[in-house]
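**Student:** Those letters in the sequence shown? Residues 3 to 139, by my numbering. The beta-carbon is built from N, C-alpha and C at its ideal position, and this holds for glycine as well. Got a structure for you, questions after.
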Amino acid sequence: MKTIYERLDKILPLIMDKRFRENKGLGNEIGFYIFDYDPKDELIVREHIAFLKQKVNNDSTEITIREFDLYEMILTILFDKGYLGKVFAMEKEKGTSAILTPLKKTLRLTQKNDLIVEHIRQNTKQNDIVFLTGVGK
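Structure follows, in structure tokens:
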């Protein structure tokens with residue numbers, strides 16, 4: 003089994019490969035990759051993402067890495083709508099499972115006007131590489 007460092011070291015060459023950016027070999031699908039890791043490696047992964055962003059975004063290439071922290075986006079959307087305090091109170095009173103359906107409705111998840119998807123869409127350009135982080139927070 004490869005170490006977290008060995009796995010992380012494969013990311014930069016992959017995203018710099020022209021075939022990756024053109025979705026070659028993916029059967030005309032939208033290219034996405036999932037990088038799962040042990041939660042104990044969280045800080046190592048965060049540091050490597052910062053390194054990748056610095057390396058790629060400051061390079062003379064046309065590539066830009068855009069990082070979106072899912073947890074932070076949800077908190078921001080709830081705060082902007084004035085629901086954050088209400089959600090925390092409801093979770094404390096009724097439990098986490100009780101807030102899932104109201105959260106999905108508030109965020110418009112899986113709808114055409116999904117607020118998370120829309121936020122990402124508005125903050126990316128055609129050739130950007132999106133890193134979606136904060137999934138397990």
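Identify the continuous beta strand (DSSP E) that holds Ile67 and give its terminal residues.
**Tutor:** Segment Ile67 to Asp71, the beta strand (DSSP E) holding Ile67.
**Student:** Assuming contact is defined by CB atoms lying nearer than 9 Å, are Ile122 and Leu111 in contact in what I supplied?
**Tutor:** Contact flag unset, no.
**Student:** Can you list, in chain order, the residues of its chain with a C-beta nearer than 8 Å to that of Glu93? Leave out the 5 residues immediately preceding and following it.
**Tutor:** Ala100 and Ile101.
**Student:** Between the C-alpha atoms of Tyr39 and Thr98, what's the straight-line distance to the nearest angstrom?
**Tutor:** About 25 Å.
**Student:** What first and last residue would you give for the alpha helix (DSSP H) that runs through Thr108?
**Tutor:** First-last of the alpha helix (DSSP H) with Thr108: Thr98 to Leu109.
**Student:** Within the same chain, show all residues whose beta-carbon is closer than 8 Å to that of Ile76, passing over the 5 residues directly before and after it, in chain order.
**Tutor:** Cβ neighbours of Ile76 beyond the five flanking positions: Leu105, Leu109 and Ile118.
**Student:** Quick one: what's Thr135 bridged to in DSSP?
**Tutor:** Beta-bridge pairing links Thr135 to Asp71.
**Student:** Near Ile68, which residues of its chain fall below 6 Å by C-beta distance, leaving aside the five closest residues on each side in sequence?
**Tutor:** The question names Ile, yet the displayed sequence has Arg at residue 68. Counting only Cβ-Cβ distances below 6 Å, and skipping sequence neighbours, we find Thr126, Asp130 and Val132.
**Student:** Among Tyr7, Ile13, Lys42 and Asp19, which has the Cα closest to the Cα of Gly138?
**Tutor:** Checked all of Tyr7, Ile13, Lys42 and Asp19; the closest Cα to Gly138 is Lys42.
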